[in-house]
Amino acid sequence: MSLTRPTLSRLTSVAAAAAFGIGTAAAATSVNVTVKIENLAPTNSVSYAPLHVGFHNGSFDAFDLGMAAGAGIVSVAEGGAGGQWQADFMAADPTAVRGTIGGLLQPGGMQSMSFVVDPLVNRYFTFASMVVPSNDFFIGNDLPTEYMLFNGAGQLQTSTITLRANQIWDAGSEVFDPAAAAFVGNNGLRSDQNSVVAFNFAEFFGYNGLGTGAGYTFDSQLNAGTDVYRISFTAAPVPEPESYALMLAGLGSIGLLARHRRRPA
Ligand SMILES: [Ca+2]
Ligand SMILES: [Ca+2]
Numbered sequence: 026m027s028l029t030r031p032t033l034s035r036l037t038s039v040a041a042a043a044a045f046g047i048g049t050a051a052a053a054t055s056v057n058v059t060v061k062i063e064n065l066a067p068t069n070s071v072s073y074a075p076l077h078v079g080f081h082n083g084s085f086d087a088f089d090l091g092m093a094a095g096a097g098i099v100s101v102a103e104g105g106a107g108g109q110w111q112a113d114f115m116a117a118d119p120t121a122v123r124g125t126i127g128g129l130l131q132p133g134g135m136q137s138m139s140f141v142v143d144p145l146v147n148r149y150f151t152f153a154s155m156v157v158p159s160n161d162f163f164i165g166n167d168l169p170t171e172y173m174l175f176n177g178a179g180q181l182q183t184s185t186i187t188l189r190a191n192q193i194w195d196a197g198s199e200v201f202d203p204a205a206a207a208f209v210g211n212n213g214l215r216s217d218q219n220s221v222v223a224f225n226f227a228e229f230f231g232y233n234g235l236g237t238g239a240g241y242t243f244d245s246q247l248n249a250g251t252d253v254y255r256i257s258f259t260a261a262p263v264p265e266p267e268s269y270a271l272m273l274a275g276l277g278s279i280g281l282l283a284r285h286r287r288r289p290a
């Protein structure tokens, strides 16, 4: 097959149309939401376990200020794994889109992940992550409807959530003890605190000078108003299956052109 100039031009147009979504079918109901997370804490201050997230209908309430923490939020706050939090979330809202973003997030670190979400069904965003070093500290939203990401027309209306140090929670489930704290001590050791969920960032100063699992020497530096975490959202259309096919065809054509052009004239 010889590629004449008109053929080249047509193939290039198809590839361009596919790449920019021109001429594809009507937009799908779902949107592709990219969630970016950033650790804004000062250098050598707090790090975070992976962020557990869910886009939901507003029914999943993970914990309450002033009440004993349930097993779900304790599974996040003590060790970070969050298995029970995910299970409770699924039970409360089977239609929710859930996931876990990243690994250990050190000061200055950034990670991101994308989710396909129906903005009319799952308008709300809920999150939770363990803050380290600590015995049972976490970030998360008390009110399940606190962060309404999408308006009634399905448009993204929240672009960032920025948390300050005075928004960090103590689950009240494990006694403060540097020797038993995750990231600086033996996380397998623990003592029941038998208290309730409360705001607390002052205890971080109790870990100052200890070596962390990431190799840096901890230095809290946190004041009430210190920014410690940011979650950012961007939404884009989900490509239709037909446009994926077009895109693949377009990419294939570009590859063909590249090979063709490498041949000597
Ligand atoms: Ca609550
Ligand atoms: Ca505690």
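If you use the working numbering, the sequence shown corresponds to residues 26 to 290, in order.
C-beta atoms are modelled at their ideal positions from N, C-alpha and C, and glycine is treated no differently.
Environment of GLN111 [buried if 16+ CB atoms lie within 10 Å]: When all chains shown are included, GLN111 counts as buried.
Where ASN204 falls: helix, strand or coil (DSSP): With the sequence shown as reference, residue 204 is identified as Ala, and Asn is not the correct amino acid for it. ALA204: helix per DSSP, three-state reduction.
Check: PHE85 C-beta below 7 Å from any heavy atom of ligand 1: No - ligand 1 has no heavy atom lying nearer than 7 Å to the Cβ of PHE85.
Neighbourhood of GLY134 by C-beta distance below 6 Å, restricted to the same chain and skipping five residues each side: Setting aside the 5 residues that flank it on each side, GLY134 is surrounded in the same chain by ASN64, each with a C-beta closer than 6 Å to its C-beta; the list follows chain order.
is_contact[PHE80, chain C] using C-beta, thresh 8 Å: Here chain C cannot be found, since the structure has a single protein chain.
Same chain only: Cβ atoms within 8 Å of ALA223, ignoring 5 sequence neighbours per side: Sequence-distant Cβ neighbours of ALA223 in its own chain, meaning closer than 8 Å and more than five residues away, are LEU90, GLY91, TRP194, ASP195, GLY197.
Minimum C-alpha distance to ASN160 - residue among PRO67, GLY179, GLY231: For ASN160, the closest C-alpha among the options PRO67, GLY179, GLY231 is that of GLY231.
Start-to-end residues for the beta strand (DSSP E) that takes in ASP252: Following the DSSP letters along the chain, one finds ASP252 inside the beta strand (DSSP E) bounded by residues 252-262.
Best match in PRO264, GLY107, ALA178, THR237 for proximity to VAL209 [C-alpha to C-alpha]: The closest CA to that of VAL209, considering only PRO264, GLY107, ALA178, THR237, is found on THR237.
Test item, CB below 6 Å from any non-hydrogen atom of ligand 2: Any heavy atom of ligand 2 within less than 6 Å of a residue's beta carbon puts that residue on the list, which reads ASN160, ASP161, ASP195, GLY197, GLU199, PHE201, GLN218.
Span of the alpha helix (DSSP H) around GLN180: In the DSSP assignment, GLN180 falls outside any alpha helix (DSSP H) and carries neither an H nor an E.
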